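A short worksheet on the structure shown next.
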Amino acid sequence: MKYVIISFFLFISINLFGQKKIELRFITNGVCEMCENRIEKSLLKLKGVWTVEWDVKTEETFVVYFPKKISEKEVHQAISNVGHDQICDCEEKKILAPDKIYEKLHNCCKYRNEEIRKSHEISG
Numbered sequence: 296m297k298y299v300i301i302s303f304f305l306f307i308s309i310n311l312f313g314q315k316k317i318e319l320r321f322i323t324n325g326v327c328e329m330c331e332n333r334i335e336k337s338l339l340k341l342k343g344v345w346t347v348e349w350d351v352k353t354e355e356t357f358v359v360y361f362p363k364k365i366s367e368k369e370v371h372q373a374i375s376n377v378g379h380d381q382i383c384d385c386e387e388k389k390i391l392a393p394d395k396i397y398e399k400l401h402n403c404c405k406y407r408n409e410e411i412r413k414s415h416e417i418s419g
């Protein structure tokens, strides 16, 4: 019985740690901690996302995910669906959030407005 239990845990650990993880870095526009919370939560609830970090000063998003469970396109779509534009490293491709969703963001989070960006001391 002892060997069965050990074999079971060995099998589980090989499956968990044997899966290939992908690291993804890109820019996600936002200006405050509410944006950070929204961006990170939108990804962490997705099956296959391992970890997410968004830096308010650099606007860089760092995501680690399992490509067998979720695609890069789905990662970007999840962020767009909560109102945030992105710039991918690949070919400087810009992914815009739908205007209807962006307009529903709290006034403090309207990162497309230069005055709001200045009030948060974010340039660009």
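So our numbering is basically just the index in the sequence shown, starting at one, shifted up by 295.
For each residue, glycine too, the CB sits at the ideal point set by N, CA and C.
The model shown is predicted, which means the values in this text are computed figures rather than measured ones.
Here's a check: name, in chain order, each residue in its chain whose Cβ is nearer than 7 Å to the Cβ of residue i, leaving out the five neighbours to either side.
i, result
"Met-329", "His-401, Cys-403 and Cys-404"
"Glu-354", "Ile-322, Thr-323, Asn-324 and Gly-325"
"Lys-364", "Lys-342 and Gly-343"
"Ala-373", "Ser-337, Leu-338 and Leu-341"
"Lys-352", "none"
"Glu-348", "Phe-357"
"Asn-332", "none"
Distance check for residue j and residue i, CA to CA, integer angstroms please.
i, j, result
"Glu-367", "Lys-316", "12 Å"
"Lys-399", "Leu-338", "19 Å"
"Lys-342", "Val-358", "13 Å"
"Lys-395", "Lys-340", "22 Å"
"Pro-393", "Gln-314", "34 Å"
"Ile-334", "Arg-407", "16 Å"
"His-371", "Ile-390", "8 Å"
"Asp-350", "Gln-381", "13 Å"
"Ile-411", "Thr-356", "20 Å"
"Ser-375", "Glu-369", "10 Å"
"Pro-362", "Lys-388", "21 Å"
According to DSSP, which residues form a beta bridge with residue i?
i, result
"Trp-349", "Thr-356"
"Glu-335", "None, per the DSSP bridge assignment."
"Leu-319", "Val-358"
"Val-326", "Bridge partners of Val-326: none, in fact."
In its own chain, which residues sit with a C-beta less than 6 Å from the C-beta of residue i, not counting the 5 before and 5 after it?
i, result
"Tyr-397", "Gly-378"
"Glu-318", "Val-359"
"Thr-346", "Val-359"
"Ser-414", "none"
Leaving aside the five residues before and after residue i along the sequence, list all residues of the same chain whose C-beta is less than 8 Å from its C-beta, in chain order.
i, result
"Asp-384", "Arg-320 and Phe-321"
Task: Start-end ranges of the beta strand (DSSP E) lying completely within the segment 360-417, minimum 3 residues - done: Listed in chain order, the complete beta strand (DSSP E) runs (minimum 3 residues) inside the segment 360-417 are 381-383.
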